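Q:
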Amino acid sequence: RCAGRVEVQHGGHWGTICDDDWGLPDAAVVCRQLGCGTALAAPPGAWFGEGSGPIWLNGLRCRGSEERLALCRHRGWRPHVCAHEEDASAVCSGRLYPPTCGSLGLMPALTSASLPGGPSIRLVGAAGRCAGRLEIFHAGHWGTVCDDLWGLPDAAVVCQQLGCG
């Protein structure tokens with residue numbers, strides 16, 4: 001929940017943000033708006049994988065003090081000439097605070113629960129996001145993890161990485 005590719009919804013459709021001019025002040029606003037603490041990194045180059053659909057924003061220039069992305073300067077709401085290999089990402093500290101969403105309605109989302117350089121993981125097949133079979137995303141595909149030598153310390157790392165306690 002607190003690290004991943006940044007996506008925004010505009011006109012009823014989800015899309016990405018181009019990483020041109022993307023930096024820590026922009027990631028700070030995303031982290032604040034999602035209630036995910038402070039920004040630790042603003043990785044360039046689709047660090048968490050390429051998105052799909054429109055690239056809604058480009059040239060985002062937040063000061064870092066804005067409460068919402070909608071308050072940051074940018075080049076306009078429209079599909080931009082930017083490839084998904086340039087999708088912006090954010091890594092937040094993960095300390096959860098109440099999200100700040102206001103009258104402008106723009107609410108970003110981070111699409112991966114992984115940390116920089118680490119694998120994307122998810123739990124599937126059970127009720128809620130904090131229970132289920134562990135899957136890992138590698139080389140463009142989701143796969144399972146063998147339980148040989150698996151124990152509580154391993155499960156604790158997964159739970160922490162997913163923000164499940």
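Note that UniProt numbering has the sequence shown beginning at 1, numbered continuously upward.
We treat Cβ as the ideally placed atom computed from N, Cα and C, and that holds for glycine.
Everything numeric in this text was worked out from a predicted model, so none of it was measured.
Hey, CYS31 and GLY23 are a contact pair by Cβ (cut 8 angstroms); roughly how many whole angstroms apart?
A: Not a contact, Cβ separation roughly 13 angstroms.
Q: Taking only three categories from DSSP, how would you classify ARG32?
A: ARG32 falls in the helix class under three-state DSSP.
Q: Alpha carbon to alpha carbon, how far is LEU162 from CYS130? Give it in angstroms, no decimals.
A: One C-alpha to the other measures close to 8 angstroms.
Q: Closer than 6 angstroms by C-beta to ARG75: which residues in its own chain qualify, once you throw out the five before and the five after it? Chain order, please.
A: Result list for ARG75: ASN58, GLY59, in chain order.
Q: Can you tell which of GLY53, GLN160, GLY51, ASP19 has its C-alpha closest to the C-alpha of ALA42?
A: Measuring from the Cα of ALA42, the nearest candidate turns out to be ASP19.
Q: For LEU69, which of ARG78, GLN33, PRO79, ILE55 has the nearest alpha-carbon?
A: Closest option to LEU69, Cα to Cα, is GLN33.
Q: Which whole-angstrom value is the C-beta distance of ARG5 and GLY49, which I expect to be below 8 angstroms?
A: Their Cβ separation, rounded to whole angstroms, is 6 angstroms, which keeps ARG5 and GLY49 in contact under 8 angstroms.
Q: Quick one: Cα of ASP87 to Cα of PRO25, how far?
A: If I take the Cα positions, the gap works out to 16 angstroms.
Q: In this structure, does DSSP put ASP21 in helix, strand or coil?
A: It is coil, neither helix nor strand.
Q: For TRP56, count neighbouring Cβ atoms within 10 angstroms of its own Cβ and tell me buried if that reaches 16, exposed if not.
A: Per the 10 Å Cβ criterion, buried.
Q: According to the neighbour-count rule (16 or more other Cβ atoms, all chains shown, within 10 Å of its Cβ), is LEU40 buried or exposed?
A: Buried, by the Cβ-count rule.
Q: Under the assumption that GLY53 contacts HIS13 (Cβ atoms under 8 angstroms), give the Cβ distance between them as a whole number of angstroms.
A: The pair is a contact, with the Cβ atoms about 6 angstroms apart (cut-off 8 angstroms).
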